[in-house]
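Here the structure comes first, spelled out in structure tokens, and everything after it is commentary.
In the numbering used here, the protein residues as written are 41 to 704.
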């Protein structure tokens, strides 16, 4: 039987060989954390390689995702569908072993990591989801939701501000099923971190309310085993296990230095490393006894079989709970969702209120949330402004989780967004979180990761333009809507009234494999009358809102609060046939077929004006060289909203003048 060191050396060998073959990658961390991974995966991690999506598996995140070969080695060795040919194709086009772990590419990879700090923040989200699902579905006799979330992280993750945000909240919420391993090797890309990172991490995490196990030898299996056992025994606090390691452990000349952090060791050093660690095997060669020592298929199948048996008993005793659990983990909407949601939208149209779209958003949540116990709200300390709470909101606290459906994230926009991503990936919830649109910049990389992973996070942004007035340019978003639109795979909604707001919520909730950003106004906006056909067309992203006839003289394109201006201008242009097109979601409109887009924006009509209180660039392609865009080319000013709109040209008179100009 191979020793623990032999098993860990298999990770070291695969990692240095794959990086060398690719001539690209990060061998140092996998070699340094190999012993930690060996103890965790062989002694504690509950998982089934034959079913990577087993509900009650422990979740494992590699927050320091540059060390991806550690994760790929573990998946290969324990029996996941990651054959050696994929290991040999590390960092190559089309392989299942990309440079950083990517959700949806490789079985067993729970989340996309690489931007440091986001993996541990996703892990906080997963631990929150586990806590909430356990409180909702477990009974005194059956613990069907009972798993840990483990995360590896390094100095870089702890330096990134997002880890401060997320780990602070994790301590406050008492996430006892979250266990983090800090790879304290003292090295980053630039060298010894003592020159720029001297935090006392133990005291820092103790101050957050974590259970901290400090000064653990990361190369001593017995010490690691004891630390993990102690961490699992603490039910009311997340645990940080601080592991002293040597980066590139085993390399005789490069271990302990930054040279092995992000570059291949080189053939000569690899040969010396093989000799140093007693690994006589050829590159990518793993002996049968090593495979046998790592193989988790039989154990994993047994764990899942035991859980399935318990779930069958649970289903007999609590059939309604079991049915609801399966629906939520499958991500299916309730059977009556489509009918009830459509009826709500129709009712909003009949009511025809003039309200701010942030208020319309709150009313949508108020009416849709009772149908969706999986809807998990939140805000970054702006609930009274974002209006993300509703009458049934129940806040998550350490002591109250059973029926909680709202998270007070505090002033932690970035962490909120990445935590939401972790909640989605865990399963059982559709999370939404709010802040001001201008602060989407703080969240941007997590928003980008949601789009990259194709997951259903719903980002709610209010105070969408210069219309928030006196707060001034620091709080007035001008570039933010356009900057969100350029993220591939992101649906960006900017509705013009309560009806479009209701539709935006409906579509976001139905977009199972798509993140959405819902952008709402502070100021009241008038209701726009529509037919049933027009209401249906809102879901196509863009549609004809006002049409004077089949052959328009000019087209005014608008979104959000500027639709009101467009409609008023069209009516003021008496004697001319003016079409008003509302495009609340440009991305969905672009997904429509050519015939539909031509019916909305006929190519024969070249006289076009676009109006949006943001930077104009994205609309130039829609109006053409002869068209005109009324937008923001500077930052805003501090003044009442009405004065600002007049100052920057967002007036009916200016829209009318612009249409006349393109018609001349």
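The C-beta atom is built at its ideal place from N, Cα and C for all residues, glycine as well. Remember, it's a predicted structure, so these values are computed and weren't measured experimentally.
Contact check, residue i vs residue j, beta carbons under 8 Å
| i | j | result |
| --- | --- | --- |
| residue 478 | residue 531 | no |
| residue 256 | residue 227 | no |
| residue 461 | residue 490 | yes |
| residue 253 | residue 84 | no |
| residue 251 | residue 271 | yes |
| residue 416 | residue 447 | yes |
| residue 651 | residue 594 | no |
| residue 278 | residue 193 | no |
| residue 522 | residue 624 | no |
| residue 179 | residue 218 | no |
Per-residue DSSP class, three states only, for residue i
| i | result |
| --- | --- |
| residue 451 | coil |
| residue 648 | strand |
| residue 86 | coil |
| residue 498 | strand |
| residue 43 | coil |
| residue 136 | coil |
| residue 153 | coil |
| residue 668 | strand |
| residue 62 | helix |
| residue 471 | strand |
| residue 168 | helix |
| residue 675 | coil |
| residue 99 | strand |
| residue 431 | coil |
| residue 419 | strand |
| residue 641 | coil |
| residue 286 | coil |
| residue 130 | coil |
| residue 662 | helix |
| residue 189 | strand |
| residue 636 | helix |
| residue 122 | coil |
| residue 161 | helix |
Spatial distance of residue i from residue j (CA atoms)
| i | j | result |
| --- | --- | --- |
| residue 649 | residue 596 | 5 Å |
| residue 577 | residue 565 | 20 Å |
| residue 422 | residue 483 | 15 Å |
| residue 664 | residue 508 | 31 Å |
| residue 510 | residue 684 | 9 Å |
| residue 638 | residue 529 | 23 Å |
| residue 474 | residue 456 | 9 Å |
| residue 464 | residue 119 | 26 Å |
| residue 536 | residue 568 | 8 Å |
| residue 205 | residue 158 | 11 Å |
| residue 247 | residue 213 | 14 Å |
| residue 48 | residue 222 | 18 Å |
| residue 75 | residue 44 | 8 Å |
| residue 404 | residue 621 | 24 Å |
| residue 239 | residue 540 | 49 Å |
| residue 95 | residue 258 | 30 Å |
| residue 669 | residue 602 | 12 Å |
| residue 585 | residue 617 | 13 Å |
| residue 260 | residue 311 | 25 Å |
| residue 125 | residue 59 | 14 Å |
| residue 630 | residue 172 | 38 Å |
| residue 196 | residue 395 | 46 Å |
| residue 640 | residue 380 | 29 Å |
| residue 176 | residue 443 | 7 Å |
| residue 613 | residue 407 | 39 Å |
Cβ separation of residue i and residue j, assumed to be a contact under 8 Å, to the nearest whole Å
| i | j | result |
| --- | --- | --- |
| residue 210 | residue 167 | 7 Å |
| residue 153 | residue 101 | 7 Å |
| residue 592 | residue 496 | Contact doesn't hold; Cβ gap of about 37 Å is too wide. |
| residue 317 | residue 288 | So it is not a contact: roughly 11 Å between Cβ atoms. |
| residue 184 | residue 350 | 7 Å |
| residue 671 | residue 656 | 3 Å |
| residue 693 | residue 600 | Not a contact, Cβ separation roughly 20 Å. |
| residue 203 | residue 160 | 6 Å |
| residue 130 | residue 65 | 7 Å |
| residue 561 | residue 397 | 5 Å |
| residue 156 | residue 104 | 7 Å |
| residue 140 | residue 87 | The Cβ separation is near 21 Å, so there is no contact. |
Any chain D beta carbon closer than 8 Å to residue i
| i | result |
| --- | --- |
| residue 296 | In summary, chain D is missing from the structure at hand, where a single protein chain is found. |
Scan the region 195-272 and note each continuous beta strand (DSSP E) run of 3 residues or more that stays entirely inside, going in chain order.
218-224, 251-257
Which runs of the alpha helix (DSSP H) at least 4 residues long sit entirely within the region 288-340? Give them in chain order.
307-317, 328-334
Taking only runs of the beta strand (DSSP E) that begin and end inside the region 575-628, which ones reach a length of at least 3 residues, in chain order?
583-586, 594-598, 618-622
Inside the region 491-545 only - alpha helix (DSSP H) runs reaching at least 4 residues
520-525
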